[in-house]
């Protein structure tokens, strides 16, 4: 009797064992088909996108630009020597701004180089002077401004004229960037000893001391 049971168990194990490989094969085939179908669907979706959509997707999605600073404007004050040489003239303007301190300082100095709009003031910077670059470190409270060589080569000389040039720059920085406690003035990317022999430009200035 036990032999009969052993034979039946052996036959049952043989039958079920022969079915397992076939079941695994069907599962593998179905999984492969699913993956291939998904890949084809994704490829079709990508082909339906235009190039702008692909670029936006690569950059992090169409809403990625939301994190970028938005263009706006900023109220600023430019300081020029008065025409009668009796003090300073403050001129209010609005400049485009993305909220980047270095960019804002450069735009401010570029406007200062263009001179005043009012006939009551004159430019404190020599004709042809350009603001080349500007950097601000808000945490350290420092700034660096780089001007073209005309700041030196075109300077008329004299202590009063030199004070007018440096004062126009530093007073403008102090009024618009009160957090800046130290400002260096460069010429064509390097330090110069002086503009016209009277003021030391080899060391940083404290802008608010010029107010």
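In my numbering, the protein residues as written are -14 to 196. Idealized CB from N, CA, C, for every residue including glycine. The model shown is predicted, which means the values in this text are computed figures rather than measured ones.
Check, Outcome
"Using the Cβ count rule (16 or more neighbours within 10 Å means buried), how would you classify residue 157?", "buried"
"Starting from residue 87, trace the alpha helix (DSSP H) both ways and give me its first and last residue.", "86 to 99"
"So, at 8 Å on beta carbons, what are the nonlocal neighbours of residue 134 in its own chain, with the 5 sequence-adjacent residues on each side left out?", "172 and 173"
"Which residues in the same chain as residue 176 place their Cβ atom closer than 8 Å to its Cβ, once the five residues preceding and following it in sequence are excluded?", "169, 186 and 187"
"Over the uninterrupted alpha helix (DSSP H) stretch that includes residue 154, give me the two end residues.", "144 to 161"
"Using only the alpha-carbon positions, how far apart do residue 166 and residue 69 sit?", "30 Å"
"If I measure Cβ to Cβ from residue 80 and keep anything under 6 Å in the same chain, skipping five residues before and after, which residues do I get?", "59, 61 and 92"
"With H, G and I counted as helix, E and B as strand and the rest as coil, what does DSSP make of residue 64?", "strand"
"How should residue 142 be labelled, buried or exposed, when 16 other C-beta atoms within 10 angstroms of its C-beta is the threshold for buried?", "exposed"
"Could you check if residue 131 is buried or exposed, using at least 16 other CB atoms within 10 Å of its CB as the buried criterion?", "buried"
"For residue 63 versus residue 96, is the C-beta spacing smaller than 8 Å?", "yes"
"Indicate the three-state DSSP secondary structure (helix, strand or coil) for residue 179 in the structure shown.", "coil"
"Per DSSP, what are the beta-bridge partners of residue 127 in this structure?", "122 and 167"
"Count the other C-beta atoms from every protein chain shown that fall within 10 angstroms of the C-beta of residue 48, then say buried if there are 16 or more, exposed otherwise.", "Low confidence applies to residue 48: its pLDDT is 37, below 50, so where it sits in the model is not reliable, and the reading given next is rough at best. Exposed: under 16 other Cβ atoms inside 10 Å."
"Give the single residue among 112, 184, 119 and 78 whose Cα lies nearest to the Cα of residue 129.", "119"
"Give me, in chain order, the residues of the same chain whose beta-carbon lies closer than 7 Å to that of residue 159; leave out the 5 immediate sequence neighbours on both sides.", "192, 193, 195 and 196"
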